[in-house]
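Numbering (the UniProt record's numbering), first residue to last: 1 to 637. Even glycine gets a Cβ: it sits at the ideal position worked out from N, Cα and C.
Right, dumping it as structure tokens:
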């Protein structure tokens with residue numbers, strides 16, 4: 001269907017990717033992965049024809065149609081949901097206009113015997129035939145069916161699109177793509193802002209899609225459920241495997257280990273040969289043999305090991321003053337949007353240094369309560385912040401507040417004060433904006449890079465309470481882990497809204513479930529909450545009772561009850577290991593700091609070095625246990 005050969009793209013003298021080659025075939029469901037800024041969205045824009053490339057070629061079969069779901073959707077204001085959806089049928093709408101013009105002329109004319117009137121009748125017949133071929137008599141019904149499948153109700157159809165949130169607009173755009181019958185689908189972060197039932201519906205549709213799909217996503221479960229091939233962009237190269245994401249990671253690791261072993265063996269052989277050459281050179285009788293070995297050595301193809309891009313951002317949230325014991329106290333909080341009730345009779349008490357997760361279906365008020373807490377929304381009821389509370393807020397669409405006309409560095413400088421302005425370059429460097437990258441305009445940044453910049457801005461001022469609403473959107477998997485560690489080590493109070501179980505595991509110590517306008521508290525982490533609700537995943541909880549139309553799919557590889565039970569136990573074990581690792585790392589760090597301050601007094605303590613080494617050994621063992629448990633989980637999942 002599509003063939004890419006020796007494609008190269010550079011930005012400000014640096015290659016995003018260089019001379020890469022691959023082919024897309026019908027039935028390929030490709031997960032395009034890589035770090036933020038690696039060039040994933042750029043690749044999609046190039047395939048769609050929206051962006052030029054430096055060198056190479058792209059060959060596409062004739063009459064291939066490409067549909068592109070972008071991160072940033074730009075709707076024309078004033079259209080209803082149905083009118084916007086009908087934009088998918090440009091050819092049908094063109095034919096409708098022609099039919100309308102001909103029918104108008106026929107109704108106004110009376111020269112029924114003329115050649116021109118006869119020609120109008122011929123044209124009418126031809127256009128009606130084309131209209132039927134293109135599905136003109138079915139497209140309205142198809143549109144309503146797809147919209148309902150994606151969660152819209154009939155009463156939504158005639159509402160203006162600009163009254164809907166970004167997630168619902170994404171569904172309209174997705175509906176347009178599904179209605180177009182494209183041969184290749186390019187999906188850039190399709191699950192961002194979608195609720196769980198829409199994600200499941202989309203998974204079902206994509207599993208049965210006969211064309212080619214290329215998906216950019218950092219949602220591991222979504223990639224594993226949908227894709228059958230993974231292409232990773234890393235350090236300007238691509239790694240292409242016919243496996244879903246999790247299996248690809250295993251294969252990639254195995255290949256690199258094989259390369260390292262082969263390289264090590266080859267290096268030993270080369271060193272032995274070089275020793276013989278030096279030995280034979282000293283003897284005239286062996287000079288010919290030495291020359292022969294040199295030629296042999298020159299012909300060896302040196303084994304190269306695939307490079308890994310292990311650069312990650314450095315993230316540590318600064319803490320301001322210590323607040324009072326009670327950080328947030330809310331009584332009888334209620335919120336309506338017009339006639340739509342969202343929250344009612346909410347009572348909430350958040351104490352200092354607690355870490356809280358807000359979970360539940362989309363539309364149940366998680367983000368609304370977060371905005372009420374930070375003072376962005378008016379509400380009914382009473383909300384009081386404790387003494388010395390200073391809140392840092394990361395909104396779900398935080399990156400949208402960035403000014404696209406500013407550079408990365410100017411964005412930071414404008415937000416800094418006299419104390420933090422000299423540290424702007426250092427902060428940007430810790431978020432992987434280095435060298436000329438600080439001169440990039442915000443409008444050219446990828447979604448993940450914008451989120452990193454938004455997080456960097458939060459480093460300019462210390463807080464003692466963090467409210468984070470879906471902070472992992474657009475972040476690559478390594479960056480997610482860095483953010484999780486930073487929030488886990490944050491010495492203040494945390495409230496995080498998320499539907500990402502992996503991210504929440506081991507992060508929070510209490511969970512509030514949002515349902516039917518109210519909240520319910522669970523005093524434990526996310527695994528405790530799921531056990532209490534007797535479900536395996538947040539997906540099961542986030543499904544609505546009024547499920548949308550589902551695509552029928554064959555259910556294979558269904559886990560047995562024993563596997564499910566074992567998986568639950570392993571996940572709990574992993575969570576406990578992570579907590580132990582976190583505790584030991586803090587203890588070792590505290591000892592290291594103590595040694596820096598007063599080395600002699602510290603090491604003079606009885607059995608100091610034995611205790612210190614035992615902690616390090618215990619940490620190493622926990623790391624091995626974590627890796628082993630993770631592999632066991634991957635083998636079952």
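Residue i - DSSP class collapsed to helix/strand/coil
{"i": "residue 552", "result": "Caution applies to residue 552, whose pLDDT of 36 falls short of 50 and renders its modelled position unreliable; the value that the coordinates give is listed next. Here residue 552 sits in coil by DSSP."}
{"i": "residue 218", "result": "coil"}
{"i": "residue 56", "result": "strand"}
{"i": "residue 209", "result": "coil"}
{"i": "residue 411", "result": "helix"}
{"i": "residue 394", "result": "strand"}
{"i": "residue 240", "result": "strand"}
{"i": "residue 346", "result": "strand"}
{"i": "residue 467", "result": "strand"}
{"i": "residue 96", "result": "helix"}
{"i": "residue 322", "result": "coil"}
{"i": "residue 108", "result": "helix"}
{"i": "residue 424", "result": "helix"}
{"i": "residue 608", "result": "helix"}
{"i": "residue 533", "result": "coil"}
{"i": "residue 638", "result": "Nothing can be reported for residue 638: it is not among the residues displayed for the chain, which extend from 1 to 637."}
{"i": "residue 406", "result": "coil"}
{"i": "residue 493", "result": "strand"}
{"i": "residue 641", "result": "Outside the shown range of the chain, which is 1 to 637, sits residue 641, and nothing can be said about it."}
{"i": "residue 299", "result": "coil"}
{"i": "residue 629", "result": "helix"}
{"i": "residue 153", "result": "coil"}
{"i": "residue 234", "result": "strand"}
{"i": "residue 583", "result": "helix"}
{"i": "residue 576", "result": "helix"}
{"i": "residue 617", "result": "helix"}
{"i": "residue 341", "result": "strand"}
Proximity below 7 Å, CB of residue i to CB of residue j
{"i": "residue 475", "j": "residue 448", "result": "yes"}
{"i": "residue 502", "j": "residue 396", "result": "no"}
{"i": "residue 415", "j": "residue 355", "result": "no"}
{"i": "residue 617", "j": "residue 584", "result": "no"}
{"i": "residue 645", "j": "residue 386", "result": "As shown, the chain starts at 1 and ends at 637. That puts residue 645 outside it, with no answer to give."}
{"i": "residue 433", "j": "residue 465", "result": "no"}
{"i": "residue 236", "j": "residue 53", "result": "no"}
{"i": "residue 357", "j": "residue 508", "result": "yes"}
{"i": "residue 189", "j": "residue 216", "result": "yes"}
{"i": "residue 490", "j": "residue 317", "result": "yes"}
{"i": "residue 130", "j": "residue 120", "result": "no"}
{"i": "residue 438", "j": "residue 428", "result": "yes"}
{"i": "residue 352", "j": "residue 493", "result": "yes"}
{"i": "residue 43", "j": "residue 26", "result": "no"}
{"i": "residue 368", "j": "residue 340", "result": "no"}
{"i": "residue 638", "j": "residue 139", "result": "Given a span of 1 to 637 for the chain in the structure shown, any question on residue 638 remains unanswerable."}
{"i": "residue 462", "j": "residue 320", "result": "yes"}
{"i": "residue 402", "j": "residue 374", "result": "no"}
{"i": "residue 473", "j": "residue 192", "result": "yes"}
{"i": "residue 277", "j": "residue 293", "result": "yes"}
Terminal residues of the alpha helix (DSSP H) in which residue i lies
{"i": "residue 368", "result": "366-373"}
{"i": "residue 441", "result": "Per DSSP, residue 441 belongs to no alpha helix (DSSP H) and is neither H nor E."}
{"i": "residue 143", "result": "139-149"}
{"i": "residue 645", "result": "Outside the shown range of the chain (1 to 637) lies residue 645, about which nothing can therefore be said."}
{"i": "residue 450", "result": "447-458"}
{"i": "residue 487", "result": "477-488"}
{"i": "residue 315", "result": "Segment: none, residue 315 is in no alpha helix (DSSP H) and carries neither H nor E."}
{"i": "residue 89", "result": "Run containing residue 89: none; DSSP gives neither H nor E here."}
{"i": "residue 503", "result": "501-504"}
Residue i - containing beta strand (DSSP E), residue span
{"i": "residue 118", "result": "From DSSP, residue 118 is part of no beta strand (DSSP E) but of the alpha helix (DSSP H) over 115-133."}
{"i": "residue 328", "result": "326-337"}
{"i": "residue 356", "result": "355-360"}
{"i": "residue 512", "result": "510-515"}
{"i": "residue 521", "result": "518-522"}
{"i": "residue 385", "result": "380-385"}
Suppose only complete runs of 3+ residues qualify. What are the beta strand (DSSP E) ranges in the region 3-72, listed by chain order? Qualifying beta strand (DSSP E) stretches, in chain order: 14-24, 29-33, 55-60, 66-69.
Taking contact to mean 3 or more Cβ pairs, one atom from each stretch, closer than 8 Å, check whether the region 235-253 and the region 484-499 are in contact. Too few Cβ pairs lie closer than 8 Å, so no.
Would you say the region 199-209 touches the region 52-67, given that touching needs at least three Cβ pairs under 8 Å? Verdict: no, contact absent.
Okay, do the region 514-521 and the region 342-350 touch, 3+ Cβ pairs below 8 Å being the bar? Under the three-pair Cβ rule at 8 Å, the region 514-521 counts as touching the region 342-350.
Quick one: which unbroken alpha helix (DSSP H) runs of 4-plus residues sit fully inside the region 157-197? Chain order, please. Secondary structure remark: continuous alpha helix (DSSP H) runs of at least 4 residues inside the region 157-197, in chain order: 166-179.
Check whether the region 22-37 and the region 216-227 touch, using three or more Cβ-Cβ pairs below 8 Å as the test. With the cut-off at 8 Å, the region 22-37 and the region 216-227 touch.
Does the pairing of the region 168-187 with the region 138-156 give three or more beta-carbon distances under 8 Å? Counting Cβ pairs under 8 Å, three or more are found: they touch.
Going along the chain, which unbroken runs of the alpha helix (DSSP H) with 4 or more residues stay wholly within the region 240-291? Secondary structure within the region 240-291: the alpha helix (DSSP H) runs of 4 or more consecutive residues, fully enclosed, are 245-281 (chain order).
Determine contact between the region 247-254 and the region 262-281, defined as no fewer than three beta-carbon pairs at a distance below 8 Å. Because the criterion of three Cβ pairs below 8 Å is not met, the region 247-254 and the region 262-281 do not touch.
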